[in-house]
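Accompanying notes for the structure given below.
Numbering (full-length UniProt numbering), first residue to last: 1 to 239.
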């Protein structure tokens, strides 16, 4: 359950929120403010990408102030076509990969964050295609080793990346693929992102880490894409 925090003297009025969870007995837990949650769940972070024109701000305040002004069912009537969602995920991955070009090799926090995001997406893809522990699962685990750093969950701010792979994760977690070309292009963007991370390590003199990433992450991803192109759709060697 979400509860907004208002400050009418501030713009855009809503300055934060609190969250409360219900247990299986419908008992409500304590109220937790967003500034006590991880950085990527704070309101300032969630607002990234929202429209900030006056009409959008008024609509947002109205939504918070009158949460029952629209029937809940109205939100469920929006048709989201799988093909459109896959294209949105491809755009998301492209924007993420392009954002990495803005960071210097010595901006370590940005690369830790990138490694964490790519690792999570690869892990989701592993769950889709690998029955047992396979090359994608191992690649995700290897890449995650480079994100076990303080600050790796905080999105960089200078410059702020255009994407965090959230749409990619949504699609991989919930939709089946009907367009192998789009799926292959999406793979290509993730491979490019993994290769950029490896190059960043090499660029700041961590040659062994760069070699490890190329061998244990980039190559398995490339082989998986080739297997997908062969039409198997599997990366664990099963047919």
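Ideal Cβ positions, reconstructed from N, Cα and C, are used throughout, including at glycine.
In this text, all values refer to a predicted model and were calculated from it rather than measured experimentally.
TODO: Report the residue from 35, 114 and 5 whose alpha carbon sits nearest the alpha carbon of residue 254.
DONE: Residue 254 lies beyond the residue range present for the chain, which begins at 1 and ends at 239; the question has no answer from this structure.
- [ ] Go ahead and label residue 119 buried or exposed: buried means 16 or more other beta carbons lie within 10 angstroms of its beta carbon, across all protein chains shown.
- [x] Here residue 119 is taken as the residue at index 119 of the chain shown, counted from 1. It counts as buried.
TODO: Pick helix, strand or coil for residue 237, following the three-state DSSP scheme.
DONE: Position 237 of the chain shown, counted from the start, is the residue given in the question as residue 237. With a pLDDT of only 48 at residue 237, under the threshold of 50, the placement of this residue in the model should not be trusted; the figure read from the coordinates follows. Coil at residue 237, not helix or strand.
Task: Cut-off 8 Å between Cβ atoms - residues of its own chain near residue 193, not counting five sequence neighbours on either side - done: Counted from its first residue, the chain shown places residue 193 at position 193. Excluding residues within five positions, the ones whose Cβ falls inside 8 Å are 93, 96, 97, 100, 114 and 118.
Task: Rounded straight-line distance, which links the Cα of residue 170 to that of residue 108 - done: One-based indexing of the chain shown puts residue 108 at position 108. One-based indexing of the chain shown puts residue 170 at position 170. Roughly 27 Å separates the two Cα atoms.
Task: Sequence-distant residues of the same chain with beta carbon closer than 6 Å to residue 133, five excluded per side - done: The sequence position of residue 133 within the chain shown is 133, counting from 1. Around residue 133: no qualifying Cβ.
Open item on the list: At the level of alpha carbons, what is the spacing between residue 83 and residue 179?
Closed with: Translated into positions along the chain shown, residue 83 becomes position 83. Translated into positions along the chain shown, residue 179 becomes position 179. If I take the Cα positions, the gap works out to 8 Å.
- [ ] Could you have a look at residue 105 and say whether DSSP puts it in helix, strand or coil?
- [x] As a working mapping, residue 105 is identified with position 105 in the chain shown. The answer is coil: DSSP assigns residue 105 none of H, G, I, E or B.
TODO: Please classify residue 167: is it buried, with 16 or more other beta-carbons within 10 angstroms of its beta-carbon, or exposed?
DONE: In the chain shown, the residue the question calls residue 167 occupies position 167. Its Cβ being crowded by 16 or more others within 10 Å, residue 167 is buried.
Task: C-alpha gap between residue 69 and residue 7, whole angstroms - done: Residue numbering aside, residue 69 sits at position 69 when the chain shown is read from its first letter. Residue numbering aside, residue 7 sits at position 7 when the chain shown is read from its first letter. Note that residue 69 has pLDDT 44, beneath the 50 cutoff, so the model's placement of it is unreliable and the number below is only indicative. Residue 69 and residue 7: Cα-Cα distance of roughly 21 Å.
- [ ] Look up residue 123 in the DSSP assignment and give the residues it is bridged to.
- [x] Against the chain shown, residue 123 aligns to sequence position 123. In the DSSP output, where bridge partners are listed per residue, residue 123 has none listed.
Open item on the list: I'd like the list of long-range same chain contacts for residue 125, defined as Cβ closer than 7 Å, with 5 residues on each side in sequence excluded.
Closed with: Start at 1 with the first residue of the chain shown, and residue 125 comes out as number 125. For residue 125, where only same-chain residues beyond five positions count, the Cβ hits under 7 Å are 136 and 172.
TODO: Could you pull the start and end residues of the alpha helix (DSSP H) that residue 173 belongs to?
DONE: Here residue 173 is taken as the residue at index 173 of the chain shown, counted from 1. Start and end: 166-174.
- [ ] Return the Cβ separation of residue 327 and residue 147 in integer angstroms, given the expectation that the two are a contact with Cβ distance under 8 Å.
- [x] Nothing can be reported for residue 327: it is not among the residues displayed for the chain, which extend from 1 to 239.
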